[in-house]
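A.B. asks: Quick one: the structure is below, questions incoming.
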Amino acid sequence: MSTFNGLVDRSGLRMLVGKLAFWRARDRAELVEQSVYFAIASLLGVVFFFPFYWLVKVAVSWPPTNLYSGQPSLGIENPSYYNFVEVFFAIPFPQFLLNSVVIVSLAIVGNLVFNSLAAYALTMDFHGKRGVQLVLITAMMIPFQTTIIPAFLVTNELGLVNTHLGIVLPLATIIINILVLVASFEAVPESILESARLDGASELYILFGVYWPLSKPALATNVILSFVFAWNAFLWPLIVVSDRALEPLPLALANFQTQFQGNFALTYAFSIMVVLPIVVMFLLLQRQFIESVVMTSIKQ
Amino acid sequence: MTARERVERTLPSLSISKRGRRSVIAWLALVPTLTILILYRFVPLGWNFVLTFQEMNYTGETSFVGLDNYRRLATDPVFVEALVNNVVLLGTIPVGITVGLGLALLLNKDFFASNAFRSLFFLPYIVMMVAVAVIWTFMLKTDNGVVNYLLVRTGLVSEGISWLSSGTWALVSVFLVHVWKTTGFYMVIILAGLQTIPTQLYEVADIDGASRIQGFLYITLPLLKPTLGVCVLVGMIASFRLFDLVFVLTNGGPAHESEILLTWLYKQAFSFGNFGYAAVLTIVLFALMLAIVSIGWTLQRRAVQ
Chain Z
255 MSTFNGLVDR
265 SGLRMLVGKL
275 AFWRARDRAE
285 LVEQSVYFAI
295 ASLLGVVFFF
305 PFYWLVKVAV
315 SWPPTNLYSG
325 QPSLGIENPS
335 YYNFVEVFFA
345 IPFPQFLLNS
355 VVIVSLAIVG
365 NLVFNSLAAY
375 ALTMDFHGKR
385 GVQLVLITAM
395 MIPFQTTIIP
405 AFLVTNELGL
415 VNTHLGIVLP
425 LATIIINILV
435 LVASFEAVPE
445 SILESARLDG
455 ASELYILFGV
465 YWPLSKPALA
475 TNVILSFVFA
485 WNAFLWPLIV
495 VSDRALEPLP
505 LALANFQTQF
515 QGNFALTYAF
525 SIMVVLPIVV
535 MFLLLQRQFI
545 ESVVMTSIKQ
Chain S
1134 MTARERVERT
1144 LPSLSISKRG
1154 RRSVIAWLAL
1164 VPTLTILILY
1174 RFVPLGWNFV
1184 LTFQEMNYTG
1194 ETSFVGLDNY
1204 RRLATDPVFV
1214 EALVNNVVLL
1224 GTIPVGITVG
1234 LGLALLLNKD
1244 FFASNAFRSL
1254 FFLPYIVMMV
1264 AVAVIWTFML
1274 KTDNGVVNYL
1284 LVRTGLVSEG
1294 ISWLSSGTWA
1304 LVSVFLVHVW
1314 KTTGFYMVII
1324 LAGLQTIPTQ
1334 LYEVADIDGA
1344 SRIQGFLYIT
1354 LPLLKPTLGV
1364 CVLVGMIASF
1374 RLFDLVFVLT
1384 NGGPAHESEI
1394 LLTWLYKQAF
1404 SFGNFGYAAV
1414 LTIVLFALML
1424 AIVSIGWTLQ
1434 RRAVQ
């Protein structure tokens, strides 16, 4: 303690104050500039963020009647989670959630396994590799939106209309995910593969025991993209599913809105429950998330 | 037993070369992916073409109708309306990019909470389109929507706008919400582009007495050209893929005034059962997207050279 006091003696303190004053003088202009930037960003931020604020404000309003009578108030008064509870009574929410979870899980597993296998093949030199690469590039140029009608007929032929599998199948391999994995696998040094082969490693071991542990960012991209695509999918489930018990959450939300048209608060509460997983995922994995979602959509 | 041995055992009579063995393994590994792609990309592409010459009734029976479905395009006013609306919505791209560029320039500076602001502006992009449409549907209600409340209260308009129930305003609503949703996306791409510009360039310009505006016009903009090109290309493809927003926010209404190609072909097929005509509309959409992508790629390649 005494040595600590000795360190921060008067002269030291004076030096510190001097330094601070110097810093202030030099950077005062910069400080003003930064404040201006901050003010502009805040102003725009308020405009951009307002819908989210409103979403939460309305969702926690109870009773909902005070939203319609007279002037709406902009502040949050007497927040209540009642609307969130009410959603469970209005619709079979767990059922819809389960549908979404099943679809997302199948999509993630499908992408991890199928894409890894395909990427593994593409790291090898084999007969017809050029052709496969061409097929992948061509398939990327065919937007799924422009194949929905025959894709529905294909699903019908396969007997997969009104099934979870029917929703997942077109999402079970995403080409950009394969390309991300190929790039990652090819970066693995040849020497590591050679030594694994000398140890008698099987092809599957090389894929899942050597390539996988060295390709975590690429695998994360696979998981994130298939999660986002499957969780947000709307048009395709709308076409393939007519049985309400099989609807994933986005479809349930759209129907909910028409069903409870007058009840803003209830619909907003449901919206929050649908949106939350992706938002939480984004906040937890910001950098990886932005890289996956934005950078891959550029390459597409 | 290694996979190689396994293959050797299953194919004993063929004394296959190393490359041949590898080919068998590679093709086996490609089976699931190729099956899915063939089933959901290539078969539909061909089938869609066949469908354009057919009529299909509800039992799934088809009959050949020649070019009838193509002729129908000429007499369908909604098709023209949808096409025009698709083109109008391309206008979200310059607006979104301009705002996104402004935000990127601002947030490229280092100031208090600038990172938090980046996430904030990106947030609309990651929220599911259906939820976005639901949120805005209630905000844009004519009588008790908060947007009209704020506009009237601040005196910007004298009486509430019927955002979703009048034709022109319905398209404007789709336009504005789409801009709100995509601006953050452009911002992130442009931010990444800005970070590739060496700061020395600005220092040199500063020494030469160039103003900030000159720096922006003669350094930032030219070097951002490829990035902005990517934004335009991605934006165009995304705008033709738009479906959820229009479907939930306006459902193409009122009276088809905010219809777009994708919602119209969806309705033709799955509401009216006109699969043949919907297939023709699909071909129009596909041709447009293909044209845009190839023009975009050519321009991009020329820009690089």
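Note that the protein sequences, when read in sequence, are chains Z and S. To convert a position in the first sequence, counted from 1, into the numbering used here, add 254. To convert a position in the second sequence, counted from 1, into the numbering used here, add 1133. Glycine included, each C-beta is placed from N, C-alpha and C at the ideal position. Computed from a predicted model, the values in this text were never measured in an experiment.
Suppose you measure from the CA of Val-339(Z) to the CA of Ala-523(Z); what does that come to, to the nearest Å?
C.D. replies: Taking the straight line from one Cα to the other gives about 9 Å.
A.B. asks: Using a Cβ-Cβ cutoff of less than 8 Å, which residues in the same chain neighbour Asp-497(Z) once the five nearest sequence positions on both sides are dropped?
C.D. replies: Here the set comprises Asn-416.
A.B. asks: Confirm, please, whether the CB-CB distance from Ile-1340(S) to Met-1422(S) is below 8 Å.
C.D. replies: Going by C-beta atoms, Met-1422(S) is not nearer than 8 Å to Ile-1340(S).
A.B. asks: Let me know the secondary structure DSSP gives Phe-380(Z) once reduced to three states.
C.D. replies: Reduced to three states, the DSSP call for Phe-380(Z) is coil.
A.B. asks: Quick one: grab the DSSP three-state call for Ser-1196(S).
C.D. replies: Looking at Ser-1196(S) - three-state DSSP - the assignment turns out to be strand.
A.B. asks: Which one of Gln-399(Z), Pro-333(Z), Phe-304(Z), Tyr-307(Z) has the shortest CA to CA distance from Pro-317(Z)?
C.D. replies: It is Pro-333(Z) whose Cα lies nearest to the Cα of Pro-317(Z).
A.B. asks: Do Ile-421(Z) and Val-355(Z) count as a contact pair if the criterion is CB distance below 8 Å?
C.D. replies: No; because the gap between Cβ atoms is not below 8 Å, this pair is not in contact.
A.B. asks: Tell me which residue opens and which closes the alpha helix (DSSP H) that Gln-1187(S) is part of.
C.D. replies: Element bounds for Gln-1187(S): not the alpha helix (DSSP H) but the beta strand (DSSP E), 1187-1189.
A.B. asks: Rounding to the nearest angstrom, what Cα-Cα distance links Met-527(Z) and Glu-1336(S) in this structure?
C.D. replies: Between Met-527(Z) and Glu-1336(S), the C-alpha separation is close to 49 Å.
A.B. asks: Extract the residue ranges of the beta strand (DSSP E) inside the stretch 1180-1260 of chain S, only unbroken runs of 3 or more that lie entirely within it.
C.D. replies: Correct list: 1187-1189, 1195-1197.
A.B. asks: Out of curiosity, what's the CA-to-CA distance linking Leu-479(Z) and Gly-382(Z)?
C.D. replies: Rounded to the nearest angstrom, the two C-alpha atoms are 28 Å apart.
A.B. asks: Ends of the alpha helix (DSSP H) at Gly-1300(S)?
C.D. replies: It spans 1300-1327 - the alpha helix (DSSP H) in which Gly-1300(S) sits, taken as one unbroken run.
A.B. asks: Relative to the alpha-carbon of Pro-531(Z), which residue among Leu-285(Z), Val-386(Z), Leu-351(Z), Leu-419(Z) has its alpha-carbon at the smallest distance?
C.D. replies: Selected option, being the one with the closest Cα: Leu-351(Z).
A.B. asks: Where do the ends of the alpha helix (DSSP H) carrying Pro-1387(S) lie?
C.D. replies: It is not in any alpha helix (DSSP H) - Pro-1387(S) carries neither H nor E in the DSSP assignment.
A.B. asks: Does any residue of chain S have a CB that is nearer than 8 Å to the CB of Ile-493(Z)?
C.D. replies: Taking Cβ atoms only, chain S reaches closer than 8 Å to Ile-493(Z), which makes this a yes.
A.B. asks: Taking only the alpha-carbon atoms, compute the straight-line gap between Ala-295(Z) and Val-314(Z) and give it to the nearest angstrom.
C.D. replies: Spanning the two alpha carbons is a distance of roughly 27 Å.
A.B. asks: Measuring straight from C-alpha to C-alpha, what distance separates Leu-1382(S) and Val-1307(S)?
C.D. replies: Cα to Cα, Leu-1382(S) sits roughly 7 Å from Val-1307(S).
A.B. asks: Is the shortest distance between the beta-carbon of Gln-288(Z) and the beta-carbons of chain S less than 8 Å?
C.D. replies: Yes, Gln-288(Z) lies at the interface with chain S (some Cβ there is under 8 Å from its Cβ).
A.B. asks: Which residues in chain S sit within 7 Å of Ile-446(Z), going by Cβ to Cβ distance?
C.D. replies: Going along chain S, no residue has its Cβ under 7 Å from Ile-446(Z), so there is no contact; the nearest lies around 17 Å.
A.B. asks: So for Trp-485(Z), helix, strand or coil by DSSP?
C.D. replies: Residue state, collapsed to three classes: helix.
A.B. asks: On a Cα-Cα basis, can you pick out the residue from Arg-282(Z), Trp-490(Z), Gln-540(Z) that is closest to Val-244(Z)?
C.D. replies: No answer is possible for residue 244(Z): the residues shown for chain Z start at 255 and end at 554.
A.B. asks: Buried or exposed, going by whether 16 or more other CB atoms sit within 10 Å of the CB of Val-1413(S)?
C.D. replies: Buried, by the Cβ-count rule.
A.B. asks: What do you reckon, is the C-beta of Leu-1163(S) under 7 Å from a heavy atom of the ligand FMN?
C.D. replies: Looking at this structure, you won't find the ligand FMN or any other ligand, since it has none at all.
A.B. asks: State the start and end residues of the unbroken alpha helix (DSSP H) segment that holds Asp-453(Z).
C.D. replies: That residue, Asp-453(Z), is in no alpha helix (DSSP H); it is neither H nor E in DSSP.
A.B. asks: Could you say which of Val-1417(S), Ala-1411(S), Leu-1394(S) lies nearest to Asn-1219(S) if we only look at CA atoms?
C.D. replies: Nearest option by C-alpha distance: Leu-1394(S).
A.B. asks: Assign Leu-468(Z) to one of two classes, buried (16 or more other C-beta atoms within 10 Å of its C-beta) or exposed (fewer than that).
C.D. replies: Answer is exposed; the Cβ neighbour count stays below 16.
A.B. asks: Distance cutoff 8 Å, beta carbons only. Does Ser-327(Z) sit that close to anything in chain S?
C.D. replies: Closer than 8 Å: no.
A.B. asks: Can you list, in chain order, the residues of its chain with a C-beta nearer than 7 Å to that of Phe-1120(S)? Leave out the 5 residues immediately preceding and following it.
C.D. replies: What is shown of chain S runs 1134 to 1438, which leaves residue 1120(S) out entirely.
A.B. asks: If you run the structure through DSSP and keep just helix, strand and coil, what is Thr-1287(S)?
C.D. replies: In the structure shown, Thr-1287(S) sits in coil (DSSP, three-state: anything other than H, G, I, E or B).
A.B. asks: In chain order, what residues of the same chain have a beta carbon less than 6 Å from the beta carbon of Ile-1230(S), not counting five sequence neighbours either side?
C.D. replies: For Ile-1230(S), where only same-chain residues beyond five positions count, the Cβ hits under 6 Å are Tyr-1319, Cys-1364.
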